[in-house]
Amino acid sequence: MAWGNGQFAVVGRGVILTSPDGVTWTPHDSGVFETYDTGITWGNDQFLVVTQGGAILISSNGVAWTRIDEPVSRSLSGITWSGSQFVAVGTGTILTSPDGAQWTLREAGTPHLISSVAWGNGQFVAISINKILTSPDGITWTTRDSGVSVPPPLFGSVELRGVTWGDGRFVAVGEGDTILTSPDGLTWTIQESKVGIPGSSRLESVAWGNGQFVAVGDGGAILTSPDGVTWTRRETETSASFAHIAWGNGQFIVTVYYDDSSSSGWVLTSTDGVIWTRRELGIPIVNFVGVTWGNNQFLVSGSRGILISPNGATWTLYDAGGGFADIAWGNNQFVAVGSSGISRSLCAASVAPSKIGVFRNGDWLLDRNGNGEWEGCSQEGGQDLCISFQPFNRSNGWPVVGDWESGIQSAVGLFRARAGRWFLDRNNNQAWDGCGIDRCYAGFGRAGHRPVTGDWNGAGVTRIGVFRGGEWYLDANGNGRWDGCSPNDVDQCPTLGQSGDLPVVGDWTGAGITQIGVFRDGQWRLDANGNGQWDGCPPDGSDECPIFGRRGDLPITGDWNGVGIARIGVFRDGEWYLDANGNGQWDGCSQDGGQDACFN
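Okay, so the sequence shown: first residue is 49 according to my numbering, each after it adds one.
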């Protein structure tokens, strides 16, 4: 299961389902029926699905799928996206691709099944039987000892099944109630779940969302933990076997692999991991394995195709060309992998364009319907959004926005430079719910710093940072603390700009990673190659230096037309001038026959 591009997606034997909200699901026929779709993910603006027989599918919208010719015919079981590269894993197999179309076989170092792969803290982590593999780039892999085995006289091995990254740590789960945690993917600690997964049952999948880890598995098992160490079992009133869990659009979705008490397919949804709601898929029973969120919808892959849903409740089945094991979103498309190859969607991604808004004297006025006009607060019968809640409305703070919890979409926040404190509306309900539900950070920044926010490493979550006088300090690992930027540290401190510059950030190239830049008196310096330094203007340099705006303008950036690439603009005395065509120069308002956008 995965979340991407505004929807969930789950996979099973020949079927992929999608949902925008986890409530309404749509099945999609994948067209590969000989094996199970076992995994799905979202990355680089596309979904990918893998199947047990080695097939890979790719799609930008979860509806139309294209099969990819992969370099091996082995079973594939998992796939992920790092922000610059897909990695697919299977039986003794690791494949990499920068775009979902061209794949390269890498040395796996094990003949056994590699069940799952995740990206976090600047590296990939893949799990197998008694083994954990790590790689900074997906190309060179190192085997780590998981520390888990079955002692004599059983002489067995423990198979790890699922892995995820969240809140500054990896969590892996597997047979029985095996749970491992690691801050770096190198050193692992065995945790005692103390929840009693019976007999030969196992935990299959784990996800991070809404400030907690949630693990699922056989016998209706659902466990939650705030830290990966202390776990609580949640009641589900079912003995069904759960296959996968994903977080997106403010909720968890769990897929069902096997349920002998039901003749039709279903999933579970939950906003908090505690209270769960059963959602019927409206199709005969199928084995659903993978799920992801991307392109503002959920996708589920199973034995009859792909199901799509905008909300998790209403689902539609689509023909995706086969049965798949996993699916991902990245590079403006979905990619599916499985038993019969690699498939991807060649349809254009439906990315929601950025919208404008202002912050004045502690009040937020946001153009929620995106028409560039102010139409009053929705609380008073209008069409737009007003926010004025403590502590988001402190007039002595800096406004910030970001996707603080992957899949919830942009939410507001406030940075108070003097104290270096951040207050982030993590659950995006436009109200302050305290530091336990929302997010508070202290000590990151100080007086004179300007806040910046972005997805610094392609993890799909917005993280914080500060800028002053050409120096940047970016919280790359997302723990809200400054951990240093020496070669052995985990945060980032690029240098670009000088005193008097205004910081700007955006995904200048569509790579899925936020890059930096500066603005001064209408001149822009954008780190287009993403190396954190200034390399000069074209044609001799590799960065970008458009001229747009004038002295006194405030720089703004956003994906103005939903193509997955950030573009520039300026705000001046209530008027907005946006470089809609992305050529880095002003071409006049579209209302007057020009090519750019103007609002006031």
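Where a beta carbon is used, it is the ideal one built from N, C-alpha and C, also for glycine.
Reduced DSSP secondary structure (H/G/I, E/B, other) of residue i
| i | result |
| --- | --- |
| glutamine 540 | strand |
| glutamine 427 | helix |
| glutamine 639 | helix |
| glycine 157 | coil |
| valine 267 | The identity of residue 267 in the sequence shown is glycine, whereas the question assumes valine. It is helical. |
| proline 447 | strand |
| glutamate 285 | coil |
| proline 274 | coil |
| alanine 220 | strand |
| alanine 397 | The predicted model places alanine 397 with a pLDDT of 37, which falls under 50 and marks its position as unreliable, so this point remains unresolved. |
| glycine 247 | Low local confidence applies: a pLDDT of 49 at glycine 247 is under 50, so the model's placement there is unreliable, with the coordinate-based value given in what follows. Three-state result, glycine 247: coil. |
| proline 199 | Here proline 199 scores only 41 on pLDDT, less than 50, and its place in the model is too uncertain to base an answer on. |
| proline 603 | strand |
| phenylalanine 81 | Because phenylalanine 81 carries a pLDDT of 45, less than 50, the predicted location of this residue cannot be relied on, and no value is offered for it. |
| glycine 204 | Confidence in glycine 204 is poor, its pLDDT being 48 and thus under 50, which makes the residue's placement too unreliable to answer from. |
| arginine 615 | strand |
| cysteine 434 | strand |
| aspartate 591 | coil |
| valine 553 | strand |
| leucine 234 | coil |
| glycine 405 | strand |
| threonine 89 | strand |
| glutamate 453 | coil |
| serine 253 | strand |
| alanine 57 | strand |
| serine 388 | Any reading at serine 388 must be qualified, since the residue scores a pLDDT of 49, below 50, and its modelled position is unreliable; the value itself is stated next. It is coil, neither helix nor strand. |
| arginine 620 | strand |
| arginine 209 | strand |
| arginine 598 | coil |
| tryptophan 73 | strand |
Residue range of the unbroken beta strand (DSSP E) whose run includes residue i
| i | result |
| --- | --- |
| serine 183 | 179 to 183 |
| serine 318 | 312 to 318 |
| phenylalanine 567 | 563 to 568 |
| serine 547 | No beta strand (DSSP E) holds serine 547; DSSP gives it neither H nor E. |
| histidine 292 | 289 to 296 |
| aspartate 411 | 411 to 414 |
| valine 302 | 299 to 306 |
| cysteine 488 | 487 to 489 |
| serine 164 | 164 to 168 |
| valine 322 | Run containing valine 322: none; DSSP gives neither H nor E here. |
| serine 125 | 124 to 129 |
| threonine 191 | 190 to 193 |
| alanine 576 | It is not in any beta strand (DSSP E) - alanine 576 carries neither H nor E in the DSSP assignment. |
| glutamate 623 | 623 to 626 |
| serine 145 | 141 to 145 |
| cysteine 646 | 645 to 647 |
| glycine 461 | 459 to 464 |
| isoleucine 175 | 171 to 175 |
When the options are compared against residue i, the one with the closest alpha-carbon
| i | options | result |
| --- | --- | --- |
| phenylalanine 56 | Thr319, Gly508, Asp193, Ile356 | Ile356 |
| leucine 433 | Arg442, Asn444, Asn417, Pro447 | Asn417 |
| aspartate 266 | Gly493, Glu285, Val553, Asp539 | Glu285 |
| glutamate 240 | Leu228, Arg408, Ala291 | Leu228 |
| glycine 222 | Gly216, Gly210, Ser273, Thr188 | Gly210 |
| proline 603 | Cys637, Gly589, Gly554, Phe290 | Gly554 |
| threonine 128 | Pro231, Ile106, Thr114 | Ile106 |
| tryptophan 189 | Asp591, Arg154, Leu208 | Arg154 |
| glycine 157 | Asn178, Ala166, Asp147 | Asn178 |
| serine 230 | Thr272, Val173, Gly259 | Val173 |
| arginine 573 | Arg408, Phe346, Thr605, Gly560 | Thr605 |
| leucine 413 | Leu472, Ser436, Pro401, Phe346 | Ser436 |
| arginine 615 | Gly259, Thr562, Asp588 | Thr562 |
| aspartate 147 | Thr141, Phe134, Gly140 | Phe134 |
| glycine 257 | Ala220, Glu283, Gly321 | Gly321 |
| threonine 191 | Gly216, Pro159, Pro587 | Pro159 |
| asparagine 609 | Cys483, Tyr625, Gly630 | Gly630 |
| phenylalanine 407 | Gln633, Gly424, Arg442 | Arg442 |
| alanine 495 | Arg487, Thr237, Val514 | Val514 |
beta-carbon residue i near the ligand ADP non-hydrogen atom, thresh 8 Å
| i | result |
| --- | --- |
| leucine 574 | Inclusion of the ligand ADP in the displayed structure is not the case, the ligand content being empty and no account of it being possible. |
At a cut of 8 Å, does the stretch 616 to 623 reach the stretch 578 to 585 through at least three beta carbon pairs? Counting Cβ pairs under 8 Å, fewer than three are found: no touch.
Given 8 Å as the limit, is there contact between the stretch 474 to 487 and the stretch 530 to 541, that is, 3 or more CB pairs closer than that? Contact fails: fewer than three Cβ-Cβ distances are below 8 Å.
Evaluate contact between the stretch 512 to 525 and the stretch 542 to 550, counting only Cβ atoms and requiring at least three cross-stretch pairs below 8 Å. As far as the Cβ criterion goes, the stretch 512 to 525 touches the stretch 542 to 550, which means the pair count is three or higher.
Is it a yes or a no for the stretch 489 to 503 touching the stretch 450 to 465, going by three-plus beta-carbon pairs under 8 Å? With a cut-off of 8 Å on Cβ pairs, the stretch 489 to 503 is in contact with the stretch 450 to 465, counting three or more such pairs.
Inter-stretch contact at 8 Å, needing at least 3 Cβ pairs: the stretch 556 to 576 / the stretch 591 to 606: A contact between stretches requires three or more CB pairs, one per stretch, nearer than 8 Å, and the stretch 556 to 576 meets this requirement with the stretch 591 to 606.
Beta strand (DSSP E) runs wholly inside the stretch 470 to 536, at least 3 long, in chain order: You should have 487 to 489, 498 to 502, 511 to 516, 519 to 522.
Do three or more CB pairs link the stretch 265 to 284 to the stretch 465 to 473 at distances below 8 Å? Cβ pair count under 8 Å is below three, so no.
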